[in-house]
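S.K.:
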Amino acid sequence: MTRVHDMGGRYGDGAVVPEPQGIVPFVEEWHRKALALTLASGGIGAWSIDTSRHARETLAPKDYARFSYYEKWIAALADLLVDAGLVTRAELEAGTAAPAPAHERQLRADAVAGVLARGSPYTRPCDATPAYAPGDRVRTRLPARNVLVPGGHTRLPAYAAGRVGTVVLSHGCHVLPDANAHRLGEQPEPLYAVAFAAADLWGEAESPGDTVTLDLWQSYLEPA
Amino acid sequence: MPHDDSDHPHALLPSDPALRVKALETLLTAKGLVDPAALDAILDTYERKVGPHLGAQAVARAWSDPAFRERLLTDATAAIGELGITGRQGEHVVAVENTPETHNMVVCTLCSCYPWPLLGIPPAWYKSDAYRARAVREPRKVLAEFGVTLPEGQAVRVWDSTAEVRYLVIPMRPEGTEGLDETALAALVSRDSMIGTGVAEAPK
């Protein structure tokens, strides 16, 4: 049901390696370019963050595992550009294209500061009445899956599927990634932070009293 | 619409990642899809301007100003906005405060969601499979790899960032900092302490 990116709780990944504090420097020149090209291309507005996340998730598992972080970004960017009709497969293969004037929605240098400072708020007005409030017990969907598109994008991790937790925060209505990733509209829904006892997720908590909290959309939940 | 066919377009690019990026840059620039000067402006933002010093400002203010702390805990997006901290990947911020009873720790198991306007670009470890896989299941073992040992009885609350809400951990104010001003306090607030893989250190 799930994809390779859904790795919460997985065994076998080894140690986490801390790094110096402060602003994170780029290790390679191409990492810098990978980040800047991805953000600049995203600025055209031809895809949402949900669609771009899904593009990374649909990399073949063997590619997802062997690609470094920015290689995933670059692979997904190439796939998104072709999917959006902005670049052709022939152009990718040739590595060149006929010169063209600036695209009408090109992110221009003088607009960068404003665009980055504004961001893209994901709250929306919505008609749905909030079904839950802090303190309510809820059960998550089982299995974790996109019910609109088989194999589609969802933000319910497998480790938290079919589990009972407690609503701790109401975030208001947010764009539903399961729909938006697939260009099915934003379909905003109430979003909640739901806390689960670690013991209920893993069978045994590392320490009693530990919890894991996830942000979950109303349609992922039922009363418990 | 998932593309599960074996002929992903990205496979048409050269295999060397540096050449792959170069090819995309050439194509996107030639086609007028990307303004080369915009690339420099984006990098200037995240290499020089936006980083954990901004989150540290917010934490130091919260430690110094009880009314700001209250606003930060009630509506963090608005509160950090007062300090001019806004933007991409920080559109909806929730601040969670460490206490003697609860230690908060943030992860994104599904990708690499991170509060960019407060902390900048995430470090490699935050995006690593090891952190994503393990932070939710064995947070104390992960903390030990950062040199952090929690006191007995302090519970861990892990926040898995599955939506567009971004979490900022407010670390506990170290003892012996009563006389310090906000600038001196901010210097004690590391990036990792605002993710929850570190604690704020007492002044040396």
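Residue numbers (this note's numbering), protein chains in the order written: chain A, 140 to 363; chain B, 219 to 422.
Backbone N, C-alpha and C define an ideal beta-carbon position, used for all residues, glycine too.
(1) What does P238 of chain A reach in chain B if we use C-beta pairs closer than 7 Å?
(2) Relative to the C-alpha of S379 of chain B, which candidate in B:Q372, B:A348 and B:I413 has its C-alpha closest?
(3) Name the chain C residues that come within less than 9 Å of K345 of chain B, Cβ to Cβ?
(4) Find the residues of chain B that neighbour W341 of chain A, judging by a C-beta separation of less than 8 Å, and give them in chain order.
(5) Beta strand (DSSP E) containing A313 of chain B: first to last residue?
(6) Comparing alpha-carbon positions, which option in B:P335, B:F364 and B:T327 lies nearest G147 of chain A?
(7) List in chain order: all unbroken beta strand (DSSP E) runs of 3+ residues lying wholly within the segment 255 to 327 of chain B.
(8) What does W356 of chain A pair with, by DSSP beta-bridge criteria?
(9) Tell me the DSSP secondary structure of T350 of chain A in three-state form.
(10) Quick one: which unbroken alpha helix (DSSP H) runs of 4-plus residues sit fully inside the segment 190 to 232 of chain A? Chain order, please.
(11) Would you grab the beta carbon distance between W281 of chain B and L403 of chain B for me? Rounded to a whole angstrom, and I think it's under 8 Å.
(12) For S309 of chain A and E265 of chain B, I'd like the C-alpha separation in whole angstroms.
(13) Measuring only the C-alpha atoms, how far is T262 of chain A from K422 of chain B?
(14) Hey, is the segment 236 to 253 of chain A in contact with the segment 242 to 259 of chain B, meaning 3+ C-beta pairs nearer than 8 Å?
(15) So A337 of chain B and G273 of chain B are in contact, right, with Cβ under 8 Å, and what is the actual spacing, rounded?
(16) Is it right to say A318 of chain A is buried, meaning 16 or more other beta carbons lie within 10 angstroms of its own, or is it exposed?
(17) Closer than 7 Å by C-beta to A313 of chain B: which residues in its own chain qualify, once you throw out the five before and the five after it? Chain order, please.
(18) Comparing C-alpha positions only, which one of A:V155, A:Y150, A:V143 and A:R142 sits nearest to T415 of chain B?
(19) Between L179 of chain B and chain A, is any beta-carbon pair separated by less than 7 Å?
(20) By the criterion of Cβ-Cβ separation under 7 Å, what are the contact partners of A256 of chain A in chain B?
(21) Can you look up S309 of chain A in the DSSP assignment and give me helix, strand or coil?
(22) Could you have a look at W377 of chain B and say whether DSSP puts it in helix, strand or coil?
(23) For the segment 389 to 422 of chain B, which residues have a beta carbon sitting closer than 7 Å to at least one beta carbon of chain A?
(24) For the candidate residues A:D145, A:V143 and A:Q160, whose alpha-carbon lies nearest to that of W343 of chain B?
(25) Could you check if G305 of chain B is buried or exposed, using at least 16 other CB atoms within 10 Å of its CB as the buried criterion?
(26) P296 of chain A and D152 of chain A look like a contact to me (Cβ under 8 Å); what is the Cβ gap, rounded to whole Å?
(27) Go through the segment 230 to 304 of chain A residue by residue and report every complete run of the beta strand (DSSP E) that reaches 3 residues or more, in order.
(28) In the structure shown, what three-state DSSP assignment does A420 of chain B receive?
(29) If you draw a straight line from the C-alpha of D218 of chain A to the C-alpha of R384 of chain B, how long is it?
(30) Which of the three DSSP states is assigned to L386 of chain B in this structure?
(31) Return the first residue and the last residue of the alpha helix (DSSP H) that W334 of chain B is part of.
(32) Determine the DSSP secondary structure at E361 of chain A, reduced to helix, strand or coil.
(33) Tell me which residue opens and which closes the alpha helix (DSSP H) that I413 of chain B is part of.
(34) Return the chain-ordered list of same chain residues with a C-beta closer than 8 Å to the C-beta of C312 of chain A, the five sequence neighbours on each side being excluded.
(35) Identify the residues that DSSP records as bridge partners of F335 of chain A: which are they?
(36) Ordered along the chain, which non-local residues of its own chain (more than five positions away) have a Cβ less than 7 Å from that of A278 of chain B?
M.R.: Inspection of the coordinates gives the following:
(1) The residue labelled residue 238 of chain A in the question sits at position 99 within the first sequence. By Cβ distance, chain B contributes A248.
(2) The count along the second sequence starts at 1 and reaches residue 379 of chain B at position 161. The residue with the shortest Cα to Cα distance from S379 of chain B is B:I413.
(3) The structure shown contains no chain C; its protein chains are A and B.
(4) Here residue 341 of chain A refers to the residue found at position 202 of the first sequence. R355, listed in chain order.
(5) In the second sequence, counting from the first residue as 1, residue 313 of chain B sits at position 95. A313 of chain B -> beta strand (DSSP E) spans H310 to E315.
(6) One-based indexing of the first sequence puts residue 147 of chain A at position 8. When each option's Cα is compared against that of G147 of chain A, the closest is B:T327.
(7) 310 to 315 and 320 to 325
(8) Taking the first sequence and counting its residues from 1, one reaches residue 356 of chain A at position 217. DSSP, once it has assigned bridges, lists A:L330 as partnering W356 of chain A.
(9) On the first sequence, position 211 is the one that residue 350 of chain A refers to. Here T350 of chain A sits in strand by DSSP.
(10) 200 to 205 and 208 to 222
(11) The count along the second sequence starts at 1 and reaches residue 281 of chain B at position 63. The count along the second sequence starts at 1 and reaches residue 403 of chain B at position 185. Going by Cβ atoms, the distance from W281 of chain B to L403 of chain B rounds to 6 Å, so yes, they are a contact pair.
(12) Position 170 of the first sequence, counted from the start, is the residue given in the question as residue 309 of chain A. Position 47 of the second sequence, counted from the start, is the residue given in the question as residue 265 of chain B. Rounded to whole angstroms, S309 of chain A to E265 of chain B spans 35 Å at the Cα level.
(13) For the purposes of this step, residue 262 of chain A is identified with residue 123 of the first sequence, where counting begins at 1. For the purposes of this step, residue 422 of chain B is identified with residue 204 of the second sequence, where counting begins at 1. Distance between the alpha carbons of T262 of chain A and K422 of chain B is about 43 Å.
(14) yes
(15) Indexing the second sequence from 1 puts residue 337 of chain B at position 119. Indexing the second sequence from 1 puts residue 273 of chain B at position 55. It should be noted that the sequence gives Leu, not Ala, for residue 337 of chain B. That pair is a contact at about 5 Å.
(16) Within the first sequence, numbered from 1, the residue matching residue 318 of chain A stands at position 179. So A318 of chain A counts as buried.
(17) Working through the second sequence from its first residue, we reach residue 313 of chain B at position 95. Closer than 7 Å at the Cβ level, and outside the excluded window around A313 of chain B, lie L290, L291, A294, L386 and I388.
(18) On the second sequence, position 197 is the one that residue 415 of chain B refers to. Comparing Cα-Cα distances from T415 of chain B to each of A:V155, A:Y150, A:V143 and A:R142, the minimum goes to A:V155.
(19) The requested residue 179 of chain B is not part of the displayed model; chain B covers only 219 to 422.
(20) Along the first sequence, read from residue 1 onward, the residue named residue 256 of chain A stands at position 117. Residues of chain B passing the Cβ test: T304 and G305.
(21) Along the first sequence, read from residue 1 onward, the residue named residue 309 of chain A stands at position 170. Residue state, collapsed to three classes: strand.
(22) For the purposes of this step, residue 377 of chain B is taken as the residue at position 159 of the second sequence. In this structure, W377 of chain B counts as strand in the three-state DSSP scheme.
(23) S408, R409 and D410
(24) Within the second sequence, numbered from 1, the residue matching residue 343 of chain B stands at position 125. It is A:Q160.
(25) By one-based count along the second sequence, residue 305 of chain B stands at place 87. When all chains shown are included, G305 of chain B counts as buried.
(26) Within the first sequence, numbered from 1, the residue matching residue 296 of chain A stands at position 157. Within the first sequence, numbered from 1, the residue matching residue 152 of chain A stands at position 13. So it is not a contact: roughly 15 Å between Cβ atoms.
(27) 276 to 279
(28) Start at 1 with the first residue of the second sequence, and residue 420 of chain B comes out as number 202. Of the three classes helix, strand and coil, the one that applies to A420 of chain B here is coil, per DSSP.
(29) Within the first sequence, numbered from 1, the residue matching residue 218 of chain A stands at position 79. Within the second sequence, numbered from 1, the residue matching residue 384 of chain B stands at position 166. Distance between the alpha carbons of D218 of chain A and R384 of chain B is about 27 Å.
(30) Along the second sequence, one-based indexing puts residue 386 of chain B at 168. If DSSP states are grouped into helix, strand and coil, L386 of chain B belongs with the strands.
(31) As a first step, residue 334 of chain B must be located in the second sequence, where it is residue number 116. Start and end: W334 to L337.
(32) In the first sequence, the residue the question calls residue 361 of chain A occupies position 222. In this structure, E361 of chain A counts as strand in the three-state DSSP scheme.
(33) On the second sequence, residue 413 of chain B is found 195 positions in, with the first residue counted as 1. Its alpha helix (DSSP H) spans residues R409 to I413.
(34) Position 173 of the first sequence, counted from the start, is the residue given in the question as residue 312 of chain A. Hits under 8 Å: T262, R263, P264, C265, A267, P327, E328, P329 and L330.
(35) In the first sequence, counting from the first residue as 1, residue 335 of chain A sits at position 196. Per DSSP, A:V351.
(36) Mapped onto the second sequence, residue 278 of chain B falls at position 60. The residues are E400, L403, A404 and V407.
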